[in-house]
Each structure stands twice: as C-alpha cells, then as structure tokens.
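Same order as they appear, the protein sequences are chains F and H. For our numbering, count along the first sequence from 1 and bump the result up by 188. For our numbering, count along the second sequence from 1 and bump the result up by 188. Glycine is no exception: its CB is placed at the ideal position from the N, C-alpha and C atoms. See below for the structure under consideration.
2 protein chains.
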Amino acid sequence: MTPANPAVDTVDIAALLERGRDMSAPVLRAAVDRLAPPMDTVAAYHFGWIDAQGRPADGDGGKAVRPALALLSAEAAGAAPEVGIPGAVAVELVHNFSLLHDDLMDGDEQRRHRDTVWKVHGPAQAILVGDALFALANELLLEIGTVEAGRATRRLTTATRKLIDGQAQDISFEHRDRVTVEECLEMEGNKTGALLACAVSIGAVLGGADERTADTLEAYGYHLGLAFQAVDDLLGIWGDPDATGKQTWSDLRQRKKSLPVVAALAAGGPASEKLGELLAADAGSNDVDTFSEEEFATRAALIEEAGGREWTSQEARRQHAVAIEALHGVDMPEKVRAELTALADFVVVRKR
Amino acid sequence: MTPANPAVDTVDIAALLERGRDMSAPVLRAAVDRLAPPMDTVAAYHFGWIDAQGRPADGDGGKAVRPALALLSAEAAGAAPEVGIPGAVAVELVHNFSLLHDDLMDGDEQRRHRDTVWKVHGPAQAILVGDALFALANELLLEIGTVEAGRATRRLTTATRKLIDGQAQDISFEHRDRVTVEECLEMEGNKTGALLACAVSIGAVLGGADERTADTLEAYGYHLGLAFQAVDDLLGIWGDPDATGKQTWSDLRQRKKSLPVVAALAAGGPASEKLGELLAADAGSNDVDTFSEEEFATRAALIEEAGGREWTSQEARRQHAVAIEALHGVDMPEKVRAELTALADFVVVRKR
C-alpha cells in the first residue's frame, strides 16, 4: 500500500484510535449507567468493564475503529471532533446490540477472549440488553433535539436495518449448499459496510454537513467496511488465535460461507472441486465439531490452493482503493483526509 | 362504571377499534413488506396474515386498542385522524417487537391461539424479526423528516426503553420469593403503561401538539395502561380460555407474580399465609408443570380468599378514574374526549 499523500505516513494510528476511545468512553459509560439493573451490569460485562463476578476489569474494548471514524467525520465537515461524540457512542451501542444478539443466534461462546453474554448471563439477558442498547442509541441522538440529530438518527436506523438484513442473510447462507460471491459481498456490505458507513457520516451530519457530503462519506465507509470484512474473513481462517481471540480455523469450525470459501468454490479446478465435495459431506454430518486440527488444515489448504485466499486478499485491496477514491469526492481539511486514508490502510494490514 | 358524559354512551367502540385497524393495516403491511426474506414471512406469520405453512390466514390481530388511540390522539390535537397513522403503525411495530422477544425469553409457546414465532421459526428468527420491527418503527417515523416526527420518535424511544426495563423487572421477579405491590405496579407501568401512553401522545405530537399537551395525554394513557394490565392480570388467572386464547390458570402455570398474587401475599391473614407457603414450595419444585386443574384451582381460590382478586379489580377502577381525570387537563373536541372515555371504559370491562 503506497499512499499517494505523503502526509499519510506521518499519521499516528494508535493515537487516532485512542482519541476515539478516550473521548467516547465516558459518554458510553454514562449511557450504559442509565440502564436499570441488572441490565447495567450485564452491559458492563459485555463491554469488558467488569468480569463475570462483577469485579472491575480492564477488558479489551475492541479496535475502536468506529469511534475514531465518527470523530474524524465531524472534522471532515469542519466541526470540532467533540461534535461527533454522540454519534460515535450511538454507533458503538448499535454495534454492540448486534454483537449481543448475533452471538446468541450463532451460538458463539467466546468474544474478545471472554465468554459471551448469553453464556454467562443467559439468553434472556443477551436479548434484553441488546434491545436496551439499541434503544439507548436512538435516545442519545434524539435527546440532542436538533434537526441534524433527527437526520443522524435516520441514517443510524437505516444502517441498523441493513445490519439486521445482513445477519438474516448470513443465517440463511448456513442452510444453503452454495452461495455466490455476489451474495456474500451483499451480505458483508449489509453486515459490516452499512454501520461503518454510518460511523463516517454521522459526525458530519451532526456537524451540519449536507446530504451529498454525508452520502459520499458513507461511500468511503461502506467500501472500507467491505475491505475490513475481507480481512476479517482471512483472519477467521488463517488468523493467529493469540491475536484474534478466536479459536484456530474459527470460521471453518462454524462452517461459515465467508469470502475465501465462496471464492474458492466459485474458482473451479481440482482443488475447488475437492473442497466442494468435502464441505458438502461436512454439511450433512455432525462430525465437524470433533474434527482434528489436521482436518481443518486440509480444508484451509484447499481453499488456498483454489485461490480463495489470494482472491480475498485482492478484494480487500480493491475495496480499499474504492474507499480512498470516494474520499476525494468530499472537500475536507487535508489533515483529516490523510487520517481517513491512514485508517483505511490500517484496516487492511491489521492482524486482529 | 357510570360515565359523567352522556355522549360516552353513544360511542361505538367496535367501530373505533375497527377504524384504527383498517386505517393502519395497509401501512403496517407495506412496512413489513420492506423486510428482507425470510423476515417478511416470519413477521407475516406473527401478525396472523399467513399460517405456519405460508398459506393466507385471517388471523386475530389482537384488540387493536393502540392504533385506535393513536388516531384519536391526532384528533385530540385538532388534526385529522390520518395524521396519526404512522404513529399508530410505529407503536404497533414496537409492541410486536416486544411480543416476539418476550415470548422467547419467557418460553411462551402460544399467543392468540397460535404457536409463537420462536416455536415455529426458531429462536434466531424471533430475535431477528423483533429487532427488524423495532428498527422499522423508527424508520417509519423518521422518514417523515419533520421536527414533529423527531419528537414523536423520541417519545417512542423513551417508551421502548421503559418497556425493556419492565421486561427486565418481570424476569427478575420470577427469581425472587417476594415482590411488593409497589414493585409490581412499577413493572406494569413500564411494561404496559409506557407504550399505551405513547400511543395516546404520538398522534397529537405528529399533529403539532405542544409538549405539555402530549404529557397530559400520556398521563391518561399511562393510567389506562395500568387499568388494562390489572384486567389482564385478572384474566390471566380467571379468564375464559376460549376468550383469552390462553390456557386455564395461565399466569399461575407460569408462576407469574402478577397483581392478584402479590396483593394476596401482602394482605396477611390465614389464606394469605397458606398461599405464601404453597407458592414458596412450588418455587422450589419442578412439579408445577404437572399440576392438575385442582391444584391450580386451590391456589386461585386462596388468592381470591386473601382478597387479591377484589383488590386488583378495585385497582383497575382506581387507575381508570385517574386516566379519566387526566383527560380533563387537555383542551380537545368533546367528541374525542367522549371516545377516549368510552375506550377507557371498554378496557376495564373486556373479557379478552
């Protein structure tokens, strides 16, 4: 990745992410504190602020790319980064609403190296606290009471609907033999692209940006989300468990029809066909749960041999390029443009 | 119930409810049609428009008190009833979001004489479609794009948060030996009062009513909700299964700490003490699921003997009176006042 803009090289990504986290964290905590017991405790556990016994913890709050983007979004519209804070928090609340519900629907027992909420506090609390975080997101924006806040909430609602559509598609894919690359990209655009897009427009909208500017910023965020997800799909198979916090071959264990798998199946050729036969047999059996490391390694090697790994890696770069291109459609301070560019670069090279 | 206003006697409740249903149904259907497959089908099943095999059905859509109230709400502010339609639909969507999630959390297998969504389509679809209906409610209001729509959405969001708080309280009560009457009323105010209150203010807000008017209308709706719930609690124990669509002794089977139970336990005296001993023993055992009709009848008789039935019945009348009182705090056409009064009367005398 050679950035065209030399200022990009000097951007301190860690500082940008930290600023997003630091500026939004107190507002996020205050919002979660509004929840009635025991939902406040369950949410605090989910966010990693306390452990399962209720003791203070200094949990891994995730990469915090979205809050960083929401503050830069405000700055892209010429507003102070602070203007983006309610947007950053609202997007984080919606993101975590979806994590709580998706982990339950997917039966995922671990997230960020810890037991998931439904595993610790039961399914009812996972449903309930997810619902509460979603409502809280809207509340936080709407209580600002301005026309801009109404527009921001509308964009967040649209993104949330897409997020839900994406999860519905993801679930339906699990029951199907074949999923096309296009279907997979549409699902990932809904599930990951839409909310990242909203993170990149919401601060600008709160800062008074017009709809066209917001739409163009969303285009950057949407393709950034697709690049992000392509990298996630690579990490879901070949990621280092110590870095990702997930099991080895995580997505293969879950029989996820992620991009590398779908692309490998679509490629044709001997490895592709052999992979298709194996996965079809796996789909009809319950033995996947007891597979050895070698059995997963065989499947991963076939995906790679059929070209699924390389295709996905190229796809991440393609989406990254489209995202950067969109950035040039918005008039914004060059410093902010360099920071958004650097964040996009970071997303495609990350290891976790 | 002797209404002070003679016009109340001439109100045709069935026609009012039918108007609410008829005017909101096409908009509700169009909103649900926006959902991506298979969520549209699952939602259509939930609303009773199709059966489990996907064949058209003419299901029982419920009493439709809320849509009727939302249209009257617009008229109370001097607007046309049509102005209240998006509010009516948004409130129905939120109400059904909560039914989908609550049925799953509570493990309820039947609603309105039919298998619940999680039972037919699985837990994941119940979660997902619930989420989608909640998002859709906000979308429908916010796409109106006016300042009034933003205010309406804010009220709906506040009500939804209370709804969720109420469900959290309801769940926590199941794990507790004793619940006070005050706690039970607070829970019911959140779970039933808040959304009914919103139904009565949302049309007025969309019609341009000021905040004070909206608040006063909400006071009527809130107490109407408490009256409604007190009647529901009576029907949950002594209701006719053919009318309610629930099993006999439905709330006792679920060990619900509803108003009659809580009031009976608080009353003191021999029947109250005997009831307390029985319920404490039930709580520690799994035999309740295999109880005979007689065993439930014994518990119901003790609740009645301890005064729980009579107290709840009086409570419904008390809340009804407070609701009617609040109506007089708003300047509105006398016809609308008579209709809102008649609806309140209907709520406390209904059998289903």
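If I follow the unbroken alpha helix (DSSP H) through methionine 211 of chain H, where does it start and stop?
201-221
Below 8 angstroms CB to CB, which residues in the same chain sit around methionine 484 of chain H once its five sequence neighbours on both sides are set aside?
It is phenylalanine, not methionine, that sits at residue 484 of chain H in the sequence shown. Cβ neighbours of phenylalanine 484 of chain H beyond the five flanking positions: Thr436, Trp437, Leu440 and Arg441.
With glycine 496 of chain F and alanine 468 of chain F assumed to form a contact (beta carbons below 8 angstroms), what rounded beta-carbon distance in angstroms separates them?
Actually they do not touch by this definition, with Cβ atoms about 16 angstroms apart.
Look at the Cβ atom of alanine 402 of chain F, then the Cβ atom of valine 308 of chain F, and state whether they are nearer than 8 angstroms.
no
Quick one, which of H:Leu344, H:Ala494, H:Gly250 and H:Ser473 has its alpha-carbon nearest alanine 202 of chain H's?
H:Gly250
Alpha carbon of arginine 207 of chain F to alpha carbon of alanine 256 of chain F, nearest angstrom
7 angstroms
Quick check: is the beta carbon of leucine 292 of chain F nearer than 8 angstroms to any beta carbon in chain H?
yes
Note down, in chain order, each residue of its chain lying with its Cβ closer than 6 angstroms to the Cβ of leucine 422 of chain H, except the 5 sequence neighbours on either side.
Thr500
State yes or no: is the C-beta of glutamate 527 of chain F nearer than 7 angstroms to some heavy atom of the ligand NAP?
Among the components of this structure there are no ligands whatsoever, and the ligand NAP is therefore not found.
Proximal residues, the region 419-447 of chain H versus chain F, C-beta separation under 7 angstroms
none
Please work out which residues of its chain come closer than 6 angstroms, Cβ to Cβ, to threonine 190 of chain F, disregarding the five sequence neighbours upstream and downstream, and give them in chain order.
Unreliable placement is indicated for threonine 190 of chain F, whose pLDDT of 46 sits below 50; no coordinate value is reported for it.
Determine the burial state of glutamine 502 of chain H: buried for a count of at least 16 other Cβ atoms within 10 Å of its Cβ, exposed for fewer.
exposed
Flag glutamine 355 of chain H as yes if its beta-carbon sits less than 8 angstroms from any beta-carbon of chain F, otherwise no.
yes
Closest Cβ-Cβ distance between glutamate 327 of chain F and chain H: below 8 angstroms?
yes
Distance, alanine 471 of chain F Cα to lysine 350 of chain F Cα:
28 angstroms
Quick check on this structure: which residue in F:Arg343, F:Ser460 and F:Glu498 has the alpha carbon closest to the alpha carbon of glutamate 163 of chain F?
No statement about residue 163 of chain F is possible, as the shown extent of chain F runs from 189 to 540 and does not include it.
By alpha-carbon positions, which one of F:Arg209, F:Ala278 and F:Asp358 ends up nearest to alanine 325 of chain F?
F:Ala278
Count the other CB atoms, across all protein chains shown, that sit within 10 Å of the CB of arginine 339 of chain F; report buried if there are 16 or more and exposed otherwise.
buried
Taking 8 angstroms as the cut-off, decide whether the C-beta atoms of proline 448 of chain H and isoleucine 425 of chain H are in contact.
yes
Outcome for valine 419 of chain H when other beta-carbon atoms lying within 10 angstroms are tallied against a minimum of 16
buried
Please check if any C-beta of chain F sits within less than 8 angstroms of the C-beta of threonine 348 of chain H.
yes
Hey, is proline 191 of chain F's beta-carbon within less than 8 angstroms of any beta-carbon in chain H?
Annotation note: pLDDT 49 at proline 191 of chain F (below 50); position unreliable, no value reported.
Name the residue from H:Arg217, H:Ala392, H:Ala511 and H:Gly333 whose alpha carbon lies nearest to the alpha carbon of alanine 530 of chain H.
H:Ala511
Beta-carbon proximity of alanine 312 of chain F to isoleucine 491 of chain H, cut-off 8 angstroms
no
Taking the Cβ atom as the reference point for each residue, do serine 543 of chain F and isoleucine 390 of chain F lie within a distance shorter than 8 angstroms?
There is simply no residue 543 of chain F to check, as chain F begins at 189 and stops at 540 in what is shown.
How would you list, in chain order, the residues of chain F whose beta-carbon sits under 8 angstroms from the beta-carbon of glycine 338 of chain H?
Leu330, Gly333, Val335, Ala337, Gly338 and Thr341
Put leucine 303 of chain H into one of helix, strand or coil per three-state DSSP.
A quick correction: the sequence has aspartate, not leucine, at residue 303 of chain H. Strand, per DSSP.
What's the call for arginine 302 of chain H, buried or exposed, on a 16-neighbour Cβ count within 10 Å?
buried
Proline 521 of chain F - DSSP class collapsed to helix/strand/coil:
coil
Check each candidate in H:Thr404, H:Gly295 and H:Gln417 and name the one with the smallest Cα separation from glutamate 362 of chain H.
H:Gly295
Spatial neighbours of histidine 508 of chain F in its chain, beta-carbon cut-off 7 angstroms, leaving aside the 5 residues before and after
Ala415, Ala532 and Val536
Could you give the distance in angstroms between the alpha-carbon of threonine 432 of chain F and the alpha-carbon of glycine 236 of chain F?
16 angstroms
Ranges of the beta strand (DSSP E) found wholly within the region 224-280 of chain H, counting only runs of at least 3:
none
Looking at the C-beta of alanine 320 of chain H, does it have a partner C-beta in chain F at a distance below 8 angstroms?
yes
Looking at the C-beta of proline 226 of chain F, does it have a partner C-beta in chain H at a distance below 8 angstroms?
yes
Please state the DSSP three-state secondary structure of glutamine 298 of chain H.
strand
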